[in-house]
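Numbers 4 to 588, taken from our numbering, label the letters of the sequence shown in order.
Notes to accompany the following structure.
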Amino acid sequence: MFRSHHCGALRETHIGTEVTLAGWAAKVRDKGFVLWIDLRDRYGITQLVLDEERCSAALLEKARKIGRETVIQVKGTVVAREAKNPNMETGNIELLLTELKVLNEAQTPPFTIEDKTDGGEDLRMKYRYLDIRRTPVQNNLLFRSKVGLLVRNYLAEQAFIEVETPYLIKSTPEGARDFVVPSRMNEGQFYALPQSPQTFKQLLMVGGMDKYFQIVKCFRDEDLRADRQPEFTQIDCELSFVHQQDIMACFEGLLSHLLKEIHGISPAPFPVMRYEDAMKTYGNDKPDIRFGMTFTELNAQAQNKGFTVFDAQELVVGIAVPGAANWSRKQIDKWIDWVKRPQIGANGLIWVKCNEDGTFKSSVDKFFDAEALASWATACEAKAGDLILVMAGETNKTRTQLSALRMALAEALELRKPNEFAPLWVVDFPLFEEDEESGDLHAMHHPFTAPKPEHLSLLESDPKAVVAQAYDLVLNGNEIGGGSIRIHDRSTQEKMLSLLGFSDDEAKAQFGFLMDAFTYGAPPHGGIALGFDRLVAILDGKETIRDYIAFPKNNSGRDVMIDAPAPLDTEQLDALALIVKPKPE
Ligand code: ASP
């Protein structure tokens, strides 16, 4: 037997028993006549003890030479601890050693392997296997595994079956670039790695699988924004013979189940918000509804009152910041500077203090009297003690800017409580979005999304007005999932692709297989995919997905541990018939 117990197992009830443990020497404390070693494995830490009175000199000598992270196997007797440690599960006992065997020596690790480490992000990523030895990282991976299991069990119980779809495929457009893989056997030809299994899961529905799921890697070659991974994991699902409401009910059930199992929370039925309302009220299609500060449009109250800055603008919109009327000029100016930074790009902020005594003080006192400001306050539902912040400009831009401010304010005011969960559905997305410069139409979700049946005829006459049967699942200001009812007939799919700018030939070359399948009896179907990495992080009250991925890539898409991506040698390039252009000097 390699070990009789693991390092988190021993309790007072074991006192007097002989045990064998194995693990890493996390810490060695040498007091001369007595020596302690903290022995660590995935399950916990057990304190080992050796002293001159009870152990042989040879054993003490051997223990003294143990360096941090040496892998050892020990035998001993469980004894009561004199100084108990209530913070450790094994804190009432220690193991008095009778034998010690070094299983493997270890170099001194480049950072301390403790809950709070001295290692910076880069160093920890380079030696990720050492980072993974740390309890917080282990806990994240255990949590991820637990969520995965809950998801699998829930979906299996709902009669979903897990089917694997291929990774070496042809482009599936989800709005990003493809990662491509050259084919050696088909010179000059390339596979694309799936941005999602979208077309395959639809084909599984044509194949009669009825309810499919897969916890699956997806690959998107995007310019990496903070906390995006080029490869990430989705809980990908598809169902036949369903309406939008059926899919929403099923996945509302899944998220509620997770919240219940993990946090003991039974959420109320999820609110359903129309895309247009989300944009109007939160400036955002993934609103964080854990706190207020909703948008109030103030055009009627604030325009044509002599303040020309507002008059020419498409939108004047404000939020009431709770309890911020007592902010100093300096504090307010800090936020004005914040919105003027190029990342946000606003022209500025107008502010109105709704003082506790019922008076108002604003940055536009010259143009608006107390009565006018009171009408703003009423519209914004600002209470005495609140601060109203107002922006004006082009509608979409201003909404985006004010939304960024709202989120940053909520962060600063600690209104984004990590242990509060506020899920909602956002529905009724437009089918298309228009490229501002070229005027080209893009699919807002993806090209397989069905329009609302009553909007089918608008496809021809007014495509921009078409509303999609698409829905997003939003949790705490994050889009954690999205899906749609799909087009399942050839002619609508052809129409859709042509509106997206595909010629007939291009459409056939890229999606002929799918459109052919639609002609052999495709059932009405729809689905959804949830971002698993993000879901896990949020359910754990965190937002950094990298912390929940065993071997993540850095912000430049690199794995710094294995040093990938890397060049190929000439032989490999030749076999693939690839030529790498030398970089210009
Ligand atoms: N394939 C979609 C995505 O990856 C999800 C879906 O429509 O089911 O976002």
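C-beta: ideal position from N, C-alpha, C; glycine also.
Note that the structure is predicted; figures quoted are calculated from it, not measured.
Buried or exposed by the 16-neighbour rule on C-beta atoms within 10 Å, applied to E457: As a working note, residue 457 is residue 454 in the sequence shown. If you draw a 10 Å sphere on the C-beta of E457, you find fewer than 16 other C-beta atoms in it, and that means exposed.
The segment 128 to 142 in contact with the segment 90 to 109 per 3-pair CB rule at 8 Å: no
Y130 - DSSP class collapsed to helix/strand/coil: Looking up residue 130 in the sequence shown gives position 127. DSSP places Y130 in coil when its eight states are reduced to three.
Range of the contiguous alpha helix (DSSP H) that encloses L51: Within the sequence shown, numbered from 1, the residue matching residue 51 stands at position 48. Per DSSP, L51 belongs to no alpha helix (DSSP H); it is in the beta strand (DSSP E), 47 to 54.
Whole-Å CB distance - W1 paired with F273, under 8 Å assumed: Outside the shown range of the chain, which is 4 to 588, sits residue 1, and nothing can be said about it.
Touch test, the segment 464 to 472 against the segment 503 to 514, Cβ-Cβ under 8 Å, three pairs minimum: no
Residues of its chain near P270, where Cβ-Cβ distance is below 7 Å and the 5 sequence neighbours each way are ignored: For this step, residue 270 is matched to residue 267 along the sequence shown. So the list reads S259, L262, F424, P426, once near-sequence residues are dropped.
Bridge-paired residues (DSSP) for Q237: As a working note, residue 237 is residue 234 in the sequence shown. DSSP, once it has assigned bridges, lists V219, G534 as partnering Q237.
Cα-Cα separation, H528 to E436: What you label residue 528 is simply residue 525 of the sequence shown in a count that begins at 1. What you label residue 436 is simply residue 433 of the sequence shown in a count that begins at 1. Their backbone Cα atoms lie some 23 Å apart in a straight line.
Reference V477; option with closest CA among W341, F254, L434, T297: Counted from its first residue, the sequence shown places residue 477 at position 474. Selected option, being the one with the closest Cα: F254.
Whole-angstrom distance between K545 and P112, CA atom to CA atom: Taking the sequence shown and counting its residues from 1, one reaches residue 112 at position 109. Taking the sequence shown and counting its residues from 1, one reaches residue 545 at position 542. Their Cα atoms are separated by approximately 28 Å.
Same chain, Cβ closer than 7 Å to M212, neighbours up to 5 away in sequence not counted: As a working note, residue 212 is residue 209 in the sequence shown. Cβ neighbours of M212 beyond the five flanking positions: I164, V166.
Residues of its chain near L517, where Cβ-Cβ distance is below 6 Å and the 5 sequence neighbours each way are ignored: Position 514 of the sequence shown, counted from the start, is the residue given in the question as residue 517. Excluding residues within five positions, the ones whose Cβ falls inside 6 Å are T202.
For I75 and V22, the rounded distance between their alpha carbons: Within the sequence shown, the letter at position 19 stands for residue 22. Within the sequence shown, the letter at position 72 stands for residue 75. Each residue's alpha carbon lies about 14 Å from the other.
Proximity of G321 and L392 at Cβ, strictly below 8 Å: Here residue 321 is taken as the residue at index 318 of the sequence shown, counted from 1. Here residue 392 is taken as the residue at index 389 of the sequence shown, counted from 1. Yes, the pair counts as a contact, with Cβ atoms nearer than the cut-off.
Beta-ladder partner(s) of W39, from DSSP: For the purposes of this step, residue 39 is identified with residue 36 of the sequence shown, where counting begins at 1. Looking at the DSSP output, W39 bridges to R32, V52.
Range of the contiguous alpha helix (DSSP H) that encloses S378: Here the question's residue 378 lines up with position 375 in the sequence shown. That run of the alpha helix (DSSP H) goes 373 to 383.
Bridge partners - H528, DSSP secondary structure assignment: Looking up residue 528 in the sequence shown gives position 525. Bridge partners of H528: S243.
Status (buried if at least 16 other CB within 10 Å, exposed otherwise) for Y523: In the sequence shown, residue 523 corresponds to position 520, counting from 1. Burial call: exposed.
Residue burial classification, H662 (beta-carbon count within 10 angstroms, cutoff 16): Residue 662 is absent from the structure shown; the chain starts at 4 and stops at 588.
Stretch-stretch touch, CB-based, cutoff 8 Å, three pairs: the segment 176 to 187 with the segment 216 to 227: yes
Other residues of its chain near E108: CB distance less than 7 Å, five sequence neighbours each side excluded: Residue mapping note: residue 108 aligns to position 105 of the sequence shown, counting from 1. Here the set comprises T73.
L106 burial status per 10 Å Cβ neighbour count (16 or more: buried): In the sequence shown, counting from the first residue as 1, residue 106 sits at position 103. That one is exposed.
Three-state class that DSSP yields for C253 in the structure shown: Here residue 253 corresponds to residue number 250 of the sequence shown, with the count starting at 1. Correct three-state label for C253: helix.
Contact check, Q316 vs W379, beta carbons under 8 Å: As a working note, residue 316 is residue 313 in the sequence shown. As a working note, residue 379 is residue 376 in the sequence shown. Their beta carbons are not under 8 Å apart, which means Q316 does not touch W379 by this criterion.
E359, DSSP secondary structure in three states: As a working mapping, residue 359 is identified with position 356 in the sequence shown. In this structure, E359 counts as coil in the three-state DSSP scheme.
Residue of G309, I48, G361 minimising C-alpha distance to A328: As a first step, residue 328 is located in the sequence shown; it is residue number 325 there, counting from the start. Out of G309, I48, G361, G361 has the C-alpha closest to the C-alpha of A328.
Distance between beta carbons of R131 and F535, contact taken as under 8 Å: One-based indexing of the sequence shown puts residue 535 at position 532. One-based indexing of the sequence shown puts residue 131 at position 128. That pair is no contact at about 19 Å.
Backbone CA spacing between T452 and R489 [nearest angstrom]: Residue 452 sits at position 449 when you count from the first residue of the sequence shown. Residue 489 sits at position 486 when you count from the first residue of the sequence shown. Cα to Cα, the separation comes out at about 5 Å.
Residue interval of the beta strand (DSSP E) (run including V583): The residue you call residue 583 lines up with position 580 of the sequence shown. For V583, no beta strand (DSSP E) encloses it, and the DSSP letter there is neither H nor E.
Backbone secondary structure at P466 - three-state DSSP: On the sequence shown, residue 466 is found 463 positions in, with the first residue counted as 1. Correct three-state label for P466: helix.
Secondary structure of L261, DSSP reduced to three states: Working through the sequence shown from its first residue, we reach residue 261 at position 258. The answer is helix: DSSP assigns L261 an H, G or I state.
Contiguous alpha helix (DSSP H) assignments of at least 4 residues, all confined to the segment 440 to 524: 461 to 464, 493 to 502, 507 to 521
I531 beta carbon near the ligand ASP (any heavy atom closer than 7 Å): For the purposes of this step, residue 531 is taken as the residue at position 528 of the sequence shown. Checking every heavy atom of the ligand ASP against the Cβ of I531, one is found closer than 7 Å.
beta-carbon E177 near the ligand ASP non-hydrogen atom, thresh 7 Å: For the purposes of this step, residue 177 is identified with residue 174 of the sequence shown, where counting begins at 1. Indeed, a heavy atom of the ligand ASP lies less than 7 Å from the Cβ.
Cα-Cα separation, L533 to S148: Within the sequence shown, numbered from 1, the residue matching residue 533 stands at position 530. Within the sequence shown, numbered from 1, the residue matching residue 148 stands at position 145. So the alpha carbons of these two residues sit roughly 16 Å apart.
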